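Remarks on the structure that follows.
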C-alpha cells in the first residue's frame, strides 16, 4: 500500500533539491533570486508536512520574503552602480579570473564526501532519540501560554530569543555604518497599478501581522512571524514612496530598533529583582508579560527589518554625504 | 518511507549543494545565496529531528532553535549584502 502523501513528499523533495541546484547554476542573477524564492516557499511547505507550522511561517515570511526582497534590492543597486559598461557588469557578475576546473572539481568532490558522510550519519542515527518533548509538555502549565513553541521561545529559552533580538539590532547598526555616505540608487519607477495594490494590500497586511502576533499564544504564529509580515508594510510604503525616510526621523528609528531589546531586558531585570531567576515569570502574570514582550519585540522587528531593506540611514540630500552625525 | 527520511535526505542534499556553491561560485551574491541554502538544509535536519510519528506531538525545542536561526541568518545576510553593495561602489568609483 502506498500512501498518496508519500508520493507528494517525494515529488516535493525532488522539486526542492532541483530548485536549489537550479538557483545556483542559472546564469542570470534575477532568475537565481526568483528560483531561490520559490525554493524557500516549497521548503516552508515541506516543514508544514513535518508538522512545524511555526517554522514554516518564519521561513516563508523572513527566510524567503524578507531575504528575497533584500537580494532583489542589492541586485538593483549592483546593476545601477555598475551601469552597463559591459555584459558582465550588467549581469551583476563580479569580473574575476575564472577558477581552474580542477579546483572546482576537487572542491565539489570534497563537498560530495562531506554530504555522503552526513547521509551515513543520518541513516545510522537512532530513529527516535530522547528529545525535550516530554520535559516541555510537563512544564507547559507553568509557561502561561498554550503554544509549546512560543513557550520555549519566550519562557524556557528566553535568553536565546533576547540574544536573537540583539543580533538584529547589531545587524542594523552594522548596515548603517557600512552604507554611510553611499550614493543612493534611484528608486525604480512604479506604475499606477502598484499604488493601487499598496492601498488595497496595506490594511490586510496590518491585520494579518497583528493576528499572527496575537494568536502566537495559542496557535502557530508569534513575534517573529508577525514582525516580518508587518515589515512588509514598511517595504511597501518605502517602495511606493508613500513614506520617504527623513533625516529627522532617525531618532525615532533608533528608538524603535532599541525598544524591543530594552523592554525584553527590562522585564528580565524586573522579574529578577523580585528574588527570582531572570525570565522565571510569576505564573499569574506570565501571559501578560509574554504578550507585552512579544508586542514590543514585534514592533522592533518590523521597523528593523524594514530598515535593513532600506539600507542607508536617511541623510539630508546634500552633496558630500552626511552633514550631521 | 516516512516523511522524516525523505526530508532528512532532502535537507542533506540542499546542504551539499549550498556547500559546493559557497566554495565554487564566482560572484558574491551567488555565494551569499549558497550559504543561505546551507542554512535551510541545516534547518531541515533540525525540523526532521523534532518530528514524531503523527499521534505523538513534535518536539518544540528544535523548532524554536530553527526560528532563531532564520532570524540570525536574515541579519547576517543583510550585513553581507550591505558589504557587497559597498564593495561594488568602491570598485566602480576606483575604475573611473
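Residue numbers (the numbering used here), protein chains in the order written: chain A, 33 to 357; chain B, 74 to 169.
Just so it is clear, CB atoms sit at the ideal spot from N, CA and C, and this is done for glycine as well.
As the structure is a computational prediction, the values presented were derived from the model and not from experiment.
Residue 90 of chain A: buried (16+ other C-beta within 10 angstroms of its C-beta) or exposed?
With a 10 Å radius around the Cβ and a threshold of 16 neighbouring Cβ atoms, residue 90 of chain A comes out buried.
Straight-line gap, residue 145 of chain B to residue 200 of chain A (C-alpha atoms, nearest Å)
Rounded to whole angstroms, the separation of the alpha carbons of residue 200 of chain A and residue 145 of chain B is 7 angstroms.
Is residue 172 of chain A helix, strand or coil by DSSP?
In the structure shown, residue 172 of chain A sits in a helix (DSSP, three-state: H, G or I).
Report the residue from A:259, A:156, A:140 whose alpha carbon sits nearest the alpha carbon of residue 82 of chain B.
Checked all of A:259, A:156, A:140; the closest Cα to residue 82 of chain B is A:156.
Measuring only between beta-carbons, confirm whether residue 139 of chain B sits less than 8 angstroms from chain A.
It does: the Cβ of residue 139 of chain B has a partner Cβ on chain A nearer than 8 angstroms.
Tell me whether residue 148 of chain B sits in a helix, a strand or coil according to DSSP, three-state version.
Look at residue 148 of chain B here: in three-state DSSP terms it is helix.
Could you check which residue in A:209, A:66, A:229 has the C-alpha nearest to that of residue 104 of chain A?
The shortest Cα separation from residue 104 of chain A among A:209, A:66, A:229 belongs to A:66.
Within 10 Å of its beta-carbon, does residue 305 of chain A have 16 or more other beta-carbons around it, so buried, or fewer, so exposed?
Exposed.
Close-in-space but distant-in-sequence residues of the same chain around residue 113 of chain B (CB under 7 angstroms, 5 per side omitted):
For residue 113 of chain B, the CB contacts under 7 angstroms within the same chain, skipping 5 residues up- and downstream, are 87 in chain order.
If we define contact as Cβ-Cβ less than 8 angstroms, is residue 156 of chain B a contact residue for chain A?
Residue-level contact by beta carbon holds for residue 156 of chain B and chain A, with a gap shorter than 8 angstroms.
Anything in the segment 75–97 of chain A with a Cβ closer than 7 angstroms to a Cβ of chain B? List those residues in chain order, please.
Cβ contacts with chain B come from 75, 78, 79, 81, 82, 83, 84, 86, 87, 90, 91, 94, 95.
Kindly say whether residue 38 of chain A, judged by its beta-carbon, lies nearer than 8 angstroms to any beta-carbon of chain B.
For residue 38 of chain A, the nearest beta carbon of chain B is closer than 8 angstroms to its own beta carbon.
May I ask you to verify whether the segment 170–184 of chain A touches the segment 277–287 of chain A, counting CB pairs closer than 8 angstroms and requiring at least 3?
No, they do not touch.
Residue-level contact to chain A via CB, residue 115 of chain B, 8 angstroms cutoff:
Not an interface residue.
At least three beta-carbon pairs within less than 8 angstroms, the segment 98–116 of chain B to the segment 135–146 of chain A
The segment 98–116 of chain B, when compared against the segment 135–146 of chain A, does not touch it at the 8 angstroms Cβ threshold.
How many angstroms separate the CA atom of residue 129 of chain B from the CA atom of residue 158 of chain A?
Roughly 17 angstroms between the two C-alpha positions.
Compute the Euclidean distance between the alpha carbons of residue 235 of chain A and residue 209 of chain A, then round it to the nearest angstrom.
Per the coordinates, the alpha-carbon of residue 235 of chain A lies some 33 angstroms from the alpha-carbon of residue 209 of chain A.
At 9 angstroms on the CB atoms, spell out the chain A contacts of residue 111 of chain B, in chain order.
Within 9 angstroms Cβ-Cβ: nothing; residue 111 of chain B doesn't reach chain A, min ~10 angstroms.
Using C-beta distances below 8 angstroms, list every residue in its chain close to residue 293 of chain A, excluding the 5 sequence neighbours before and after it, in chain order.
Closer than 8 angstroms at Cβ, skipping near neighbours: 194, 197, 198, 201, 332.
With 8 angstroms as the limit, tell me which residues of the segment 87–98 of chain B have their beta carbon closer than that to any beta carbon of chain A; keep them in chain order.
Of all residues in the segment 87–98 of chain B, those with a C-beta nearer than 8 angstroms to a C-beta of chain A are 87, 88, 89, 90, 91, 92, 93, 94, 96, 97, 98, reading in chain order.
Could you tell me whether the Cβ of residue 106 of chain B comes closer than 8 angstroms to any Cβ of chain A?
It does; some Cβ of chain A falls within 8 angstroms.
Any Cβ of chain B within less than 8 angstroms of the Cβ of residue 199 of chain A?
For residue 199 of chain A, a Cβ of chain B is located within less than 8 angstroms of the residue's own Cβ.
Whole-angstrom C-beta distance between residue 240 of chain A and residue 147 of chain B, which should lie under 8 angstroms
Actually they do not touch by this definition, with Cβ atoms about 19 angstroms apart.
So, is residue 334 of chain A buried or exposed, given that buried needs 16 or more other C-beta atoms within 10 angstroms?
Buried, since its Cβ has 16 or more Cβ neighbours within 10 Å.
For the segment 77–115 of chain A, which segments carrying the alpha helix (DSSP H) assignment without a break, of at least 4 residues, lie completely within its bounds, in sequence order?
Every unbroken stretch of the alpha helix (DSSP H) spanning 4 or more residues and falling wholly within the segment 77–115 of chain A is given here in chain order: 85–90, 99–114.
Classify residue 231 of chain A as buried or exposed, calling it buried when 16 or more other Cβ atoms lie within 10 Å of its own Cβ.
Burial call: exposed.
Are the beta-carbon atoms belonging to residue 178 of chain A and residue 249 of chain A less than 8 angstroms from one another?
Yes, they are a contact pair.
Backbone CA spacing between residue 127 of chain B and residue 76 of chain B [nearest angstrom]
Roughly 11 angstroms between the two C-alpha positions.
Using three-state DSSP, classify residue 243 of chain A as helix, strand or coil.
Residue 243 of chain A: helix per DSSP, three-state reduction.
Chain B residues whose Cβ lies nearer than 7 angstroms to that of residue 296 of chain A:
For the C-beta of residue 296 of chain A, not a single chain B residue is nearer than 7 angstroms; the gap to the nearest is close to 14 angstroms.
Cβ-Cβ separation, residue 44 of chain A to residue 77 of chain A (assumed contact under 8 angstroms), whole Å:
Yes, they are in contact, since the Cβ atoms of residue 77 of chain A and residue 44 of chain A sit about 6 angstroms apart, within 8 angstroms.
Does the CB of residue 133 of chain B have a neighbour CB from chain A at under 8 angstroms?
At least one CB atom of chain A sits nearer than 8 angstroms to the CB of residue 133 of chain B.
What is the DSSP secondary structure of residue 174 of chain B, reduced to helix, strand or coil?
Look at the range of chain B in this structure, 74 to 169, and you will see that residue 174 of chain B is not part of it.
Please decide whether residue 128 of chain B counts as near chain A, where near means a Cβ-Cβ distance under 8 angstroms.
Not one chain A Cβ lies under 8 angstroms of residue 128 of chain B.
Integer-rounded CB distance, given that residue 110 of chain B should sit under 8 angstroms from residue 94 of chain B
So it is a contact: roughly 7 angstroms between Cβ atoms.
Classification of residue 40 of chain A by the beta-carbon crowding that lies within 10 angstroms, buried from 16 upward:
By the beta-carbon neighbour count (other beta carbons within 10 angstroms, threshold 16), residue 40 of chain A is exposed.
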